[in-house]
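Numbering (the working numbering), first residue to last: 21 to 202.
Just so it is clear, CB atoms sit at the ideal spot from N, CA and C, and this is done for glycine as well.
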């Protein structure tokens, strides 16, 4: 993915709460498209190797969640977390993390991740195909800025984290606003 790139059209299979459904699992399937998430707004998208994994659960997701107000102050309408996990896993992870401000996008088949060139093999960890860690500022479906962790490669022995950290993305937004204002 790179600045200026338009996001690919993908349909994501999500599960949403539906109070008209009784029982222990009151959710229904709802297809959401790239346009549903990104059209007509300025958002931060970050993607990571997997829900419930250490760096993702300890730093990246909580950092974006807790910093939501700072991002909104810099003109961000929404923050989305994507992973090559299904909707059941993404919803349970968001629930377990107490997430209120960050939306989760399940890329269960890895279609979006593959189309933006970020799908990597993580068989060395028993994960299979997953997303390389990255973040992006997206304005009306077009990548404004892109933050990729170094070393993208299949079966990378490490999980680098820093470029896609919320603090780094927020720094870009603050510097961009300061540059525009000057």
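Using alpha carbons as the reference points, say which of 54, 95 and 50 lies closest to residue 28.
The residue labelled residue 28 in the question sits at position 8 within the chain shown. Cα-wise, what sits closest to residue 28 is 54.
Consult DSSP for residue 34 and reduce its assignment to one of helix, strand or coil.
Taking the chain shown and counting its residues from 1, one reaches residue 34 at position 14. In the structure shown, residue 34 sits in a strand (DSSP, three-state: E or B).
Between residue 120 and the rest of its own chain, which residues show a CB-CB distance below 8 Å, the 5 nearest in sequence each way excluded?
Working through the chain shown from its first residue, we reach residue 120 at position 100. Only 85 meet the Cβ criterion.
List the endpoints of the continuous beta strand (DSSP E) containing residue 98.
Taking the first residue of the chain shown as position 1, residue 98 is located at position 78. Element bounds for residue 98: 98-103.
The beta strand (DSSP E) that contains residue 145, what's its start and end?
Sequence index remark: in the chain shown, residue 145 carries index 125 (1-based). Note, residue 145: premise wrong, no beta strand (DSSP E); not H, not E.
For residue 112, collect the residues of the same chain with a Cβ closer than 6 Å to its Cβ; drop the 5 residues on either side in sequence, then sort them by chain order.
For the purposes of this step, residue 112 is taken as the residue at position 92 of the chain shown. Taken in chain order, the list of residues that qualify is empty.
Looking at the structure shown, is residue 52 part of a helix, part of a strand, or coil, going by DSSP?
Translated into positions along the chain shown, residue 52 becomes position 32. The DSSP-derived three-state label of residue 52 is strand.
Give the DSSP-derived three-state secondary structure of residue 202 in the structure shown.
Translated into the one-based positions of the chain shown, residue 202 becomes position 182. Residue placement at residue 202 cannot be trusted, given a pLDDT of 46 that sits under 50; the coordinates are not used to answer.
C-alpha distance - residue 201 paired with residue 93, whole-angstrom precision:
Position 181 of the chain shown holds residue 201. Position 73 of the chain shown holds residue 93. The pLDDT assigned to residue 201 is 48, lower than 50, so where the model puts this residue is not dependable, and the model offers no usable value.
Along the chain, where does the alpha helix (DSSP H) containing residue 164 start, and where does it finish?
In the chain shown, counting from the first residue as 1, residue 164 sits at position 144. Segment 162-168 is the beta strand (DSSP E) holding residue 164; no alpha helix (DSSP H) there.
Is residue 77 helix, strand or coil by DSSP?
If you number the chain shown from 1, residue 77 lands on position 57. If DSSP states are grouped into helix, strand and coil, residue 77 belongs with the helices.
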